[in-house]
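K.L.:
In my numbering, the protein residues as written are 1137 to 1559.
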């Protein structure tokens, strides 16, 4: 059919054939004879076993005779029948393809109605769950940081309490030292007074010993002489008694001073021991306070650790629950994604099938259009060729015979091309 359309183009312009071309734009749309002023034959060669040729307005025939008209009509009928069968098969194929296309479109519409339009699904509820989980994780982190801050504050408070306690102990010790300093000064003064008294008493004793020795020497010198002098004097005082009394008095003073010194020494030893005891007691108190504070801090840390463990355990359980919820959601999301990908592939495949079907429909429409044009042109040629031969001259008869041969060649060539295309 396409070959025929290449040989006769709408019969309204230049008619082309193998080896010829002429102007046939007459109002009736029928090829004009060479004598017509508007038809200027250019030239053509023989075809299909014929030897006809136009040259300078004359032609000769060598392949077709007048007796071949009946055979040509039978061939035309066969050709028309084959063309009609081909056209019917083309139309049937087009109708079947249109039905299949309509069925596929109906299936696509039903699938769209069932599955919904392919596009981004609403994952807002997943986003809300994810935001809630993020908020929970953030709250856990915040609680952890707050707990660390509380532990740091408690530790700082414990160190501050320790510092204040140590400062109080230091102030108490300094107060005790300041209160003991006047006593120490008094004792030092009393000691210096006693030492001075002791030195003065020692000097008096030395003086008394010297005077006693001098008196004894005088008495001895007097007793060794032969002079007896009797002096009627009053009896003097007993020096030994006086000395003994003085000795006793000084010994009593010495004993008293010694007792006072021993008492002072004992008191200083007691003060020293009491200060040591106080210091050791303060140290024990500070140690006990430190132990108490460390135990209290340890208790608070254990309580905080237990609270932290409970919180972590609770949040771990919540996290496991959330992960158990996320697992099927991820599986569902993966299945939805796979389903979307498969639907996308199916849609692409259907779209490709639809595109190929549309292309085939366009090709069939073009073939039908060309077939309709070929049928119309063939009918015009048949009308021209079926004109009664008695009313025409020999030149028109030759032209008609040549056109019949041309049509047979065209149909034969188109049929051969169609068969080759099918094979």
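Cβ coordinates follow ideal geometry from the N, Cα and C atoms, glycine included. Computed from a predicted structure; not experimentally measured.
Below 8 angstroms between beta carbons: does that hold for residue 1433 and residue 1321?
P.N.:
Residue 1433 sits at position 297 when you count from the first residue of the chain shown. Residue 1321 sits at position 185 when you count from the first residue of the chain shown. Taking 8 angstroms as the Cβ cut-off, residue 1433 and residue 1321 do not qualify as a contacting pair.
K.L.:
Which value, in whole angstroms, describes the spacing of the CA atoms of residue 1505 and residue 1495?
P.N.:
The count along the chain shown starts at 1 and reaches residue 1505 at position 369. The count along the chain shown starts at 1 and reaches residue 1495 at position 359. Answer to the nearest angstrom: the Cα atoms are 15 angstroms apart.
K.L.:
Contact between the stretch 1225-1245 and the stretch 1465-1472 is defined here as three or more beta-carbon pairs at a separation below 8 angstroms; is this criterion met?
P.N.:
No, because fewer than three Cβ pairs between the stretch 1225-1245 and the stretch 1465-1472 fall closer than 8 angstroms, the two stretches do not touch.
K.L.:
Judging by CA-CA distance, which residue of 1277, 1250, 1230, 1221 is the nearest neighbour of residue 1479?
P.N.:
Here the question's residue 1479 lines up with position 343 in the chain shown. When only C-alpha atoms are compared, the closest one is 1250.
K.L.:
Between the C-alpha atoms of residue 1396 and residue 1380, what's the straight-line distance to the nearest angstrom?
P.N.:
The sequence position of residue 1396 within the chain shown is 260, counting from 1. The sequence position of residue 1380 within the chain shown is 244, counting from 1. Straight-line Cα distance between these residues: approximately 23 angstroms.
K.L.:
In whole angstroms, give me the CA-to-CA distance for residue 1241 and residue 1222.
P.N.:
Sequence index remark: in the chain shown, residue 1241 carries index 105 (1-based). Sequence index remark: in the chain shown, residue 1222 carries index 86 (1-based). Cα to Cα, the separation comes out at about 28 angstroms.
K.L.:
Using the beta-carbon count (16 or more within 10 Å), is residue 1219 buried or exposed?
P.N.:
For the purposes of this step, residue 1219 is identified with residue 83 of the chain shown, where counting begins at 1. Residue 1219 should be labelled buried.
K.L.:
Compute the distance between the beta-carbons of residue 1243 and residue 1493, then report whether it is under 8 angstroms.
P.N.:
Within the chain shown, residue 1243 is the residue found at index 107, counting from 1. Within the chain shown, residue 1493 is the residue found at index 357, counting from 1. No, the Cβ-Cβ distance between residue 1243 and residue 1493 is not below 8 angstroms.
K.L.:
Quick one: using the 10 Å Cβ neighbour count with 16 as the cut-off for buried, is residue 1267 buried or exposed?
P.N.:
Numbered from its first residue, the chain shown carries residue 1267 at position 131. Classification of residue 1267: exposed, given that the 10 Å Cβ count is below 16.
K.L.:
Given a threshold of 16 other Cβ atoms within 10 Å of its Cβ, counted over all protein chains shown, does residue 1487 qualify as buried or as exposed?
P.N.:
On the chain shown, residue 1487 is found 351 positions in, with the first residue counted as 1. By the 10 Å Cβ count, residue 1487 comes out exposed.
K.L.:
Closest to residue 1317 by CA distance: which of 1453, 1356, 1407 is it?
P.N.:
The residue given as residue 1317 occupies position 181 in the chain shown. Closest by alpha carbon: 1407.
K.L.:
Nearest by alpha-carbon distance to residue 1393: which of 1306, 1246, 1331, 1301 is it?
P.N.:
The residue given as residue 1393 occupies position 257 in the chain shown. Measuring from the Cα of residue 1393, the nearest candidate turns out to be 1331.
K.L.:
Taking C-beta to C-beta, are residue 1323 and residue 1409 nearer than 8 angstroms?
P.N.:
In the chain shown, residue 1323 corresponds to position 187, counting from 1. In the chain shown, residue 1409 corresponds to position 273, counting from 1. Not closer than 8 angstroms, so no.
K.L.:
How many Å lie between residue 1501 and residue 1473 at the Cα?
P.N.:
Numbered from 1 along the chain shown, position 365 holds the residue referred to as residue 1501. Numbered from 1 along the chain shown, position 337 holds the residue referred to as residue 1473. Residue 1501 and residue 1473: Cα-Cα distance of roughly 40 angstroms.
K.L.:
Specify the secondary structure class of residue 1159 as computed by DSSP and reduced to three states.
P.N.:
The count along the chain shown starts at 1 and reaches residue 1159 at position 23. Its pLDDT being 40, under 50, residue 1159 is placed unreliably by the model, and the measurement read from it follows with that caveat. Of the three classes helix, strand and coil, the one that applies to residue 1159 here is strand, per DSSP.
K.L.:
Smallest Cα separation from residue 1345: which of 1376, 1430, 1334, 1260?
P.N.:
Mapped onto the chain shown, residue 1345 falls at position 209. Cα-wise, what sits closest to residue 1345 is 1376.
K.L.:
For residue 1481, count the other beta carbons within 10 Å of its own beta carbon; 16 or more makes it buried, fewer makes it exposed. Which is it?
P.N.:
Taking the first residue of the chain shown as 1, we reach residue 1481 at position 345. It is exposed - the Cβ of residue 1481 has fewer than 16 other Cβ atoms within 10 Å.
K.L.:
With 16 as the cutoff for other CB atoms within 10 Å, does residue 1387 come out buried or exposed?
P.N.:
As a working mapping, residue 1387 is identified with position 251 in the chain shown. Residue 1387 should be labelled exposed.
K.L.:
Please work out which residues of its chain come closer than 8 angstroms, Cβ to Cβ, to residue 1327, disregarding the five sequence neighbours upstream and downstream, and give them in chain order.
P.N.:
Position 191 of the chain shown, counted from the start, is the residue given in the question as residue 1327. Taken in chain order, the residues that qualify are 1397, 1400.
K.L.:
Considering only the alpha carbon of each residue, which of 1389, 1352, 1301, 1304 lies closest to residue 1338?
P.N.:
Here the question's residue 1338 lines up with position 202 in the chain shown. Checking every option, the nearest Cα to that of residue 1338 belongs to 1389.
K.L.:
How many Å lie between residue 1476 and residue 1484 at the Cα?
P.N.:
Counted from its first residue, the chain shown places residue 1476 at position 340. Counted from its first residue, the chain shown places residue 1484 at position 348. Between residue 1476 and residue 1484, the C-alpha separation is close to 12 angstroms.
K.L.:
Closest to residue 1414 by C-alpha separation, out of 1313, 1435, 1216, 1290, would be which residue?
P.N.:
The residue given as residue 1414 occupies position 278 in the chain shown. When only C-alpha atoms are compared, the closest one is 1313.
K.L.:
Taking the alpha carbon of residue 1438 as the point to measure from, which residue in 1287, 1277, 1226 has its own alpha carbon closest?
P.N.:
Against the chain shown, residue 1438 aligns to sequence position 302. Measuring from the Cα of residue 1438, the nearest candidate turns out to be 1287.
K.L.:
Are residue 1422 and residue 1300 close, meaning C-beta to C-beta below 8 angstroms?
P.N.:
Your numbering for residue 1422 matches position 286 in the chain shown. Your numbering for residue 1300 matches position 164 in the chain shown. No. Outside cutoff.
K.L.:
By alpha-carbon positions, which one of 1273, 1270, 1214, 1283 ends up nearest to residue 1441?
P.N.:
The residue you call residue 1441 lines up with position 305 of the chain shown. Of 1273, 1270, 1214, 1283, the residue nearest in Cα terms is 1283.
K.L.:
Whole angstroms are fine: how far does the CA of residue 1385 sit from the CA of residue 1411?
P.N.:
As a working mapping, residue 1411 is identified with position 275 in the chain shown. As a working mapping, residue 1385 is identified with position 249 in the chain shown. So the two alpha carbons sit approximately 38 angstroms from each other.
K.L.:
Quick one: Cα of residue 1489 to Cα of residue 1497, how far?
P.N.:
For the purposes of this step, residue 1489 is taken as residue 353 along the chain shown, with counting starting at 1. For the purposes of this step, residue 1497 is taken as residue 361 along the chain shown, with counting starting at 1. Computed Cα separation, rounded: 12 angstroms.
K.L.:
Whose C-alpha, out of 1269, 1231, 1315, 1224, is nearest the C-alpha of residue 1451?
P.N.:
If you number the chain shown from 1, residue 1451 lands on position 315. Among 1269, 1231, 1315, 1224, the Cα nearest to that of residue 1451 is on 1269.
K.L.:
Exposed or buried, which one is residue 1402 when buried takes at least 16 other CB atoms within 10 Å?
P.N.:
As a working mapping, residue 1402 is identified with position 266 in the chain shown. With fewer than 16 other Cβ atoms within 10 Å, it is exposed.
K.L.:
Is the beta carbon of residue 1325 less than 8 angstroms from the beta carbon of residue 1418?
P.N.:
Taking the first residue of the chain shown as 1, we reach residue 1325 at position 189. Taking the first residue of the chain shown as 1, we reach residue 1418 at position 282. Going by C-beta atoms, residue 1325 is not nearer than 8 angstroms to residue 1418.
K.L.:
Count the other CB atoms within 10 Å of the CB of residue 1503; is the residue buried (16 or more) or exposed (fewer)?
P.N.:
Taking the first residue of the chain shown as position 1, residue 1503 is located at position 367. Result: buried.
K.L.:
What do you get for residue 1185, buried or exposed, if any count of 16 or more other CB atoms within 10 angstroms of its CB means buried?
P.N.:
Your numbering for residue 1185 matches position 49 in the chain shown. Confidence at residue 1185 is low in this model, with a pLDDT of 37, below 50, so the placement of that residue should be treated as unreliable; the coordinate-derived value is given next. Looking at its Cβ environment, which holds fewer than 16 other Cβ atoms inside 10 Å, residue 1185 is exposed.
K.L.:
How many Å lie between residue 1446 and residue 1297 at the Cα?
P.N.:
As a first step, residue 1446 must be located in the chain shown, where it is residue number 310. As a first step, residue 1297 must be located in the chain shown, where it is residue number 161. Taking the straight line from one Cα to the other gives about 30 angstroms.
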